[in-house]
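Colleague: First the structure, then my questions, so here it is.
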Amino acid sequence: MALAAEISKNLKSLIQEFEKALDQASSLQEAEEARVDFLGRKGRLAVIMSQLPLLSPEDKPLIGRLANEVKDSLNQILNDKIRNIQHKAQEERLAVFDPSMPGRTPDTGTVHPVTRVINDICAIFVRLGFDIVTGPEVETDFYNFEALNLPPGHPARDMQDTLYISESIVLRTHTSPLQVRTMLKRQPPVAAIAPGKVYRRDSDLTHTPMFHQIEGFLVDTQVSMADLRGTLTAFAHEIFDPGVKVRFRPSFFPFTEPSAEVDISCVMCKGGGVSSDGGPCRVCKETGWVEILGCGMIDPAVFQKVGYDPEKYTGFAFGLGVERVSMLKYGIGDLRMFFENDLRFLSQFV
Ligand code: PHE
Numbered sequence: 000m001a002l003a004a005e006i007s008k009n010l011k012s013l014i015q016e017f018e019k020a021l022d023q024a025s026s027l028q029e030a031e032e033a034r035v036d037f038l039g040r041k042g043r044l045a046v047i048m049s050q051l052p053l054l055s056p057e058d059k060p061l062i063g064r065l066a067n068e069v070k071d072s073l074n075q076i077l078n079d080k081i082r083n084i085q086h087k088a089q090e091e092r093l094a095v096f097d098p099s100m101p102g103r104t105p106d107t108g109t110v111h112p113v114t115r116v117i118n119d120i121c122a123i124f125v126r127l128g129f130d131i132v133t134g135p136e137v138e139t140d141f142y143n144f145e146a147l148n149l150p151p152g153h154p155a156r157d158m159q160d161t162l163y164i165s166e167s168i169v170l171r172t173h174t175s176p177l178q179v180r181t182m183l184k185r186q187p188p189v190a191a192i193a194p195g196k197v198y199r200r201d202s203d204l205t206h207t208p209m210f211h212q213i214e215g216f217l218v219d220t221q222v223s224m225a226d227l228r229g230t231l232t233a234f235a236h237e238i239f240d241p242g243v244k245v246r247f248r249p250s251f252f253p254f255t256e257p258s259a260e261v262d263i264s265c266v267m268c269k270g271g272g273v274s275s276d277g278g279p280c281r282v283c284k285e286t287g288w289v290e291i292l293g294c295g296m297i298d299p300a301v302f303q304k305v306g307y308d309p310e311k312y313t314g315f316a317f318g319l320g321v322e323r324v325s326m327l328k329y330g331i332g333d334l335r336m337f338f339e340n341d342l343r344f345l346s347q348f349v
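Going by numbering that gives the first Met the number 0, the sequence shown opens with residue 0, and the numbers climb by one from there.
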């Protein structure tokens, strides 16, 4: 037989043989083996095509075109087969898929009880007309102490176990620097609250080196202690319970005069000092009261530092412990729970 006729016959029969080989294949792996066998670099098509150079110049283009057509057909057949195998595998998966099965519920986070209380408290004061302000946690001595009437060497600096970065830079020990920062930027009337982290060298059952405070302050003409008292009482009723009692105890802070600490009637024992199991209430240590914040009328010395006229303006300020409020609000007995990030604890605050 002439070479051209033989090659052409071999090429045509390749198609059927490839179909037969693929019929046997039931996996992608087996289909791949058949592809290598027929279409691979040393496969059967390649072997036949290696004879093309031997053809006469008239036969070469004809047989060459045929070879390309056969190659296209083989590829087409292979692709059909692969699609077929994939389709079957999909059908098999669907056959065991039960659409009535309950879905998997994705884990969703919850708002941390500290964040929650910050949000609640901010919402209350925003409704009362306060703005929210924030500032740096790494603070200069000037904002943290000096401008708050705590000059270097002042004994009241010992009240706060300061973490120093350098001689004049500290981790802020309270949110009160935000009073100074805000007053330097704005003119009265000013009403703002400043939530944030504060740091103290202190760590035991009831203290952590980092905790949260919310500072609040209001400056205008004719602001009085009665405004402070009314504002904080309204706040306590809103965040805890309208039945909660509020008392102001005289205290001392260098940046307020007069100063007070505010207690609320113990939310655990309702002020009776006796816990639900009949024993002494551990939350208020049987006193019936728990402290939630420090406050007072802003000292004229602070106004002088920020350039407010102390003859014209008065104002109140308070600083509140967020973890403390959260413990009382949710009946959490151990401060450390806030920082352990135990999901069994955190997921209760949905
Ligand atoms: N900064 C004080 C503290 O951390 C609290 C406070 C704030 C007191 C504002 C009075 C006025 O203890």
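Note that the Cβ used here is the ideal one computed from N, Cα and C, for glycine as well.
#1: So, for residue 245: in the same chain, excluding its five sequence neighbours on each side, which residues have a beta-carbon less than 6 Å away from its beta-carbon?
#2: Between the segment 283–296 and the segment 307–325, do at least 3 Cβ pairs fall closer than 8 Å?
#3: Distance cutoff 9 Å, beta carbons only. Does residue 199 sit that close to anything in chain D?
#4: Taking a contact to mean a Cβ-Cβ separation below 9 Å, would you say residue 16 touches residue 23 in this structure?
#5: Where does residue 299 sit, in a helix, a strand or coil, going by DSSP?
#6: If distances are taken between C-alpha atoms only, which option among 301, 295, 294, 308 comes closest to residue 150?
#7: Would you say residue 173 touches ligand 1, meaning its beta carbon is less than 8 Å from a heavy atom?
#8: For residue 75, count the other beta carbons within 10 Å of its own beta carbon; 16 or more makes it buried, fewer makes it exposed. Which is it?
#9: Distance, Cα to Cα, residue 298 vs residue 104?
#10: Counting beta carbon pairs with one atom in the segment 178–194 and one in the segment 214–229, are three or more of them shorter than 8 Å?
#11: Following the continuous alpha helix (DSSP H) through residue 63, name the residue where it begins and the one where it ends.
#12: Once the 5 residues before and after residue 155 are set aside, which same chain residues still bring their CB inside 7 Å of it?
#13: Assuming residue 315 and residue 226 are in contact, meaning their beta carbons sit under 8 Å apart, how far apart are those beta carbons, in whole angstroms?
#14: The alpha helix (DSSP H) with residue 178 in it runs from where to where?
Modeller: On the basis of the coordinates in this document:
#1: Excluding five sequence positions before and after residue 245, the CB atoms of its chain that fall closer than 6 Å to its own CB belong to 232, 235, 263, given in chain order.
#2: Yes, the segment 283–296 is in contact with the segment 307–325.
#3: The structure shown has no chain D; it contains just one protein chain.
#4: Contact flag unset, no.
#5: Helix.
#6: Comparing Cα positions, the closest option is 301.
#7: Residue 173: yes, Cβ under 8 Å from ligand 1.
#8: With fewer than 16 other Cβ atoms inside 10 Å of its own Cβ, residue 75 counts as exposed.
#9: Those two C-alpha atoms are separated by around 55 Å.
#10: Yes, the segment 214–229 touches the segment 178–194.
#11: Unbroken alpha helix (DSSP H) run through residue 63: 58–94.
#12: Closer than 7 Å at the Cβ level, and outside the excluded window around residue 155, lie 149, 253.
#13: Confirmed, Cβ separation roughly 6 Å.
#14: Counting along the chain, the alpha helix (DSSP H) containing residue 178 begins and ends at 176–184.
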